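Oh and the sequence shown: position 354 is 354 in the UniProt record's numbering, straight run, nothing missing. Even for Gly, the Cβ is constructed at its ideal location relative to N, Cα and C. These numbers come from a predicted model, not from an experiment.
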Amino acid sequence: MAPELALPTLTRLNVELPKDIDAASITLDWFNRFSQCLEKRDTTGVIALLIDDAFWRDTLALTWDFRTFHGTAKIARFLNDVLNTASQSLDSQDRDSVSISRLALDKDKVSLQTPYPDLVWIQAIFSFETSVGTGSGVFRLVPISSGTWKAHVVYTNLEGLKGFPELVGPLRSTSPNHGDDWISERQRELSFEESEPIVVVIGAGHCGLEVAARLKYLGVPTLVIERHPRVGDSWRSRYEALSLHDPVYYIHMPYLSFPSTWPLWTPSPKIADWLELYAQALDLNVWTSTHVEKIDEGAISGQDPWSVHIRRANGETRILRPKHVVFATGIFGGPPRMPKFSGMEKFKGKLIHTTQYKTAKEHDGKKVVIIGHDVAQDHGKRGIDTTMVQRESTYIMSTKYGVATFQKGAYGDDTPPPDVSDRIGASFPSFLIKMLHQRQAPRIAEMDKELLDGLRKRGFKLNMGEDGSGVIMLFLRRGGGFYFDTGASQMIVDGRIKLKNDSLIKQFTEDGIEFENGTSLPADVVILATGYEGAMEHVKTLVSRNVAERFGPIWGINGEGELNSVFRYSGVPGLYFAMGNFAQTRYYSKLLALQIKAHEEGLSGYRYSE
Numbered sequence: 001m002a003p004e005l006a007l008p009t010l011t012r013l014n015v016e017l018p019k020d021i022d023a024a025s026i027t028l029d030w031f032n033r034f035s036q037c038l039e040k041r042d043t044t045g046v047i048a049l050l051i052d053d054a055f056w057r058d059t060l061a062l063t064w065d066f067r068t069f070h071g072t073a074k075i076a077r078f079l080n081d082v083l084n085t086a087s088q089s090l091d092s093q094d095r096d097s098v099s100i101s102r103l104a105l106d107k108d109k110v111s112l113q114t115p116y117p118d119l120v121w122i123q124a125i126f127s128f129e130t131s132v133g134t135g136s137g138v139f140r141l142v143p144i145s146s147g148t149w150k151a152h153v154v155y156t157n158l159e160g161l162k163g164f165p166e167l168v169g170p171l172r173s174t175s176p177n178h179g180d181d182w183i184s185e186r187q188r189e190l191s192f193e194e195s196e197p198i199v200v201v202i203g204a205g206h207c208g209l210e211v212a213a214r215l216k217y218l219g220v221p222t223l224v225i226e227r228h229p230r231v232g233d234s235w236r237s238r239y240e241a242l243s244l245h246d247p248v249y250y251i252h253m254p255y256l257s258f259p260s261t262w263p264l265w266t267p268s269p270k271i272a273d274w275l276e277l278y279a280q281a282l283d284l285n286v287w288t289s290t291h292v293e294k295i296d297e298g299a300i301s302g303q304d305p306w307s308v309h310i311r312r313a314n315g316e317t318r319i320l321r322p323k324h325v326v327f328a329t330g331i332f333g334g335p336p337r338m339p340k341f342s343g344m345e346k347f348k349g350k351l352i353h354t355t356q357y358k359t360a361k362e363h364d365g366k367k368v369v370i371i372g373h374d375v376a377q378d379h380g381k382r383g384i385d386t387t388m389v390q391r392e393s394t395y396i397m398s399t400k401y402g403v404a405t406f407q408k409g410a411y412g413d414d415t416p417p418p419d420v421s422d423r424i425g426a427s428f429p430s431f432l433i434k435m436l437h438q439r440q441a442p443r444i445a446e447m448d449k450e451l452l453d454g455l456r457k458r459g460f461k462l463n464m465g466e467d468g469s470g471v472i473m474l475f476l477r478r479g480g481g482f483y484f485d486t487g488a489s490q491m492i493v494d495g496r497i498k499l500k501n502d503s504l505i506k507q508f509t510e511d512g513i514e515f516e517n518g519t520s521l522p523a524d525v526v527i528l529a530t531g532y533e534g535a536m537e538h539v540k541t542l543v544s545r546n547v548a549e550r551f552g553p554i555w556g557i558n559g560e561g562e563l564n565s566v567f568r569y570s571g572v573p574g575l576y577f578a579m580g581n582f583a584q585t586r587y588y589s590k591l592l593a594l595q596i597k598a599h600e601e602g603l604s605g606y607r608y609s610e
């Protein structure tokens, strides 16, 4: 029977917390026993150090995959399988077991934490080695009724490959030396006239560039293909008022952080210029104005190079033959999602998707209907007669209170560096995050009470996310269904944006929209803020049907809470997906690069699958 998903509260653990807790001593005692058991491959001993419903999450270090095991029964099987070659669960005679050694506790990173009055744990960070790499880990100890402490969470992560460090700091390039022709050398590298890229990355947004940067500084020749004329044009082509909804602390990129003068909220033209600067500063190989026309598979799956057919702006065509291809075109990297309504062809006004929208200035003096949430604020600011058609309930939290609370203690001016916070964040399994957010979401809603009450009075349909967990599961499962308010919600409350959500759309008429309940809405302009199709829709236009059918689901989470096929095995060897927000990509781009580098150097282990 699967263990219950529940937080390790003091009540549930049947514990009264002692007044004086020596966190350092408790942690050191537990870690010494833990490290001894792991190095001796003593699975029984390790399990004795965990509570029954513990989590163990691993990213590549022990499984060469992203896995989360919940409950000591599953953890024991996993440890037996990867640590002991005699396990009956492995059906191949040549799979090597994993060795773990040189475990070391970071004594400066031990902290007693109380997220809530009834929830207490000691968090610590450690390092270790395997036969092929170096690793980092996080664990959290909770008190139990016997007076001792056991682990509720253990996280193990691959940090690097032995013999193949990142080429940064003291290992940075010493070229060009004085007198060397850097420009010619750079042009040679960029042209790939004398060689083939090992990796082709499709898309030069933040995901594509960060993956390319990680690969470059692991010594993997990589080429990024971008269809727009300039890096950053995917942002420049959006509407003028767009800005990122995550603060600057959260969106730093690998190797090159934003300056301390950077604004809290980043306008889209500014992030566009930053991406272009990033590609130039890190000497990334990017071909702009280049289109991928198709991708053919080699004769032997997973062994022969892929054939990537590209066409450049001057009409030149070329077939690139990389060993790996990374799709970095976004969670919704497909074409614009265009809903079909009866009578659309009769409408005499202006009907556009948000991909065609630039500015509300064009709509002054007109009646504007927006199907969806996006761009409404831009119109409301100009006093344009604007009506939002809401099709389903939405989770709302403000950037003022919600986002600040969401990231408190992890990302800010006085928090640990992003790479430390990223690792700590990754150590929380998705279903544990969900339980924590079930507590956090009501607190955020209370801070946003005035705004949310105002929306309800206007008839706006709200929800609290999956099982009351706020934004987190909506993001992980759907990549949508939520809105971080930067002003549009308050405009609805104030009546500056009108709301229509009492009926579904029946049809378009010559001068507006008619609804199923018999009401109508006159319009001069209708904007479809309906997003994009999923990434797979674009990929299907490039690969054969045989390849497309072998992919697993893209995005969403599996039964362990791990994202499907993102930054990890996709179902097709040599094809990968990189997508997510800036913080996700900052962390997981390295793990994707390590998988590719390990493959190239013959270091990849068995991908553990139950």
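Given S289 as reference, the closest of L528, A313 and I144 once Cα atoms are compared: A313
Test item: CB-CB of I75 and L50 under 8 Å: Going by C-beta atoms, I75 is nearer than 8 Å to L50.
Three CB pairs or more closer than 8 Å across the segment 391-404 and the segment 236-254: yes
V132 vs L603 beta-carbon contact at 8 Å: yes
Where the alpha helix (DSSP H) through L603 begins and ends: No alpha helix (DSSP H) contains L603, which DSSP labels as neither H nor E.
Alpha-carbon spacing of D94 relative to Y606, whole angstroms: Residue confidence is low: D94 scores 43 on pLDDT, short of 50, so the model does not pin down where it sits. No coordinate-derived value is stated.
Span separating the alpha-carbon of F515 from that of L504: 6 Å
Check: D283 C-beta below 7 Å from any heavy atom of the ligand ZN: The model on display carries no ligand, and the ligand ZN is accordingly not part of it.
Nearest candidate by alpha-carbon position, reference D273, set T174, R230 and I125: When T174, R230 and I125 are compared, the shortest CA-CA separation from D273 is found for R230.
For R67 and G559, the rounded distance between their alpha carbons: Those two C-alpha atoms are separated by around 10 Å.
Y483 and T394 closer than 8 Å at C-beta: yes
M388, buried or exposed, once every other Cβ within 10 Å from all chains shown has been counted against 16: Taking every protein chain shown into account, the CB of M388 has 16 or more other CB atoms within 10 angstroms, so this residue is buried.
Sequence-distant residues of its chain with Cβ nearer than 8 Å to R443 (five each side left out): T405
Residues that E129 bridges to, as DSSP identifies them: S101 and T134
Unbroken beta strand (DSSP E) run spanning P418, endpoints: The continuous stretches of beta strand (DSSP E) do not include P418, which lies in the alpha helix (DSSP H) extending over residues P418 to A426.
Contact set for E194: own chain, Cβ-Cβ below 8 Å, skip 5 residues either direction: For E194, the CB contacts under 8 Å within the same chain, skipping 5 residues up- and downstream, are R188 in chain order.
Contact check, R586 vs M253, beta carbons under 8 Å: yes
Cβ contact (3+ pairs, closer than 8 Å) linking the segment 258-278 and the segment 535-544: no
S191 burial status per 10 Å Cβ neighbour count (16 or more: buried): exposed
Backbone secondary structure at H228 - three-state DSSP: coil
M473 classed as buried or exposed, judged by whether at least 16 other C-beta atoms fall within 10 angstroms: buried
Nearest neighbour of F508, chosen from D180, G380, I371 and D467 [CA to CA]: I371
For M447, three-class secondary structure by DSSP: helix
Anticipated Cβ contact below 8 Å, H353 with L528, distance rounded: 5 Å
Selected residue, minimal CA-CA separation from G147, among Y357, P18, E39 and L79: P18
Segment contact flag, the segment 7-23 with the segment 547-563, C-beta cutoff 8 Å, min 3 pairs: no
Start-to-end residues for the beta strand (DSSP E) that takes in V326: H324 to F327
Given 8 Å, three or more beta-carbon pairs between the segment 590-602 and the segment 153-172: At 8 Å Cβ cutoff, the stretches touch.
Spatially closest choice to K506 from T519, L112, K358 and R496, by CA coordinates: T519
Whole alpha helix (DSSP H) elements within the segment 323-358, 4-residue minimum: none
Cβ neighbours of R57 in the same chain (closer than 6 Å, five flanking residues each side left out): T68, Y155 and P429
Separation of T59 from P3, as counted between CA atoms: 22 Å
E4, DSSP secondary structure in three states: Residue state for E4 is assigned as coil, using DSSP reduced to three classes.
Where T9 sits in the DSSP three-state scheme: coil
Span separating the alpha-carbon of K361 from that of R382: Linking K361 to R382 through their CA atoms gives a straight-line distance of about 8 Å.
Three CB pairs or more closer than 8 Å across the segment 32-43 and the segment 175-184: no
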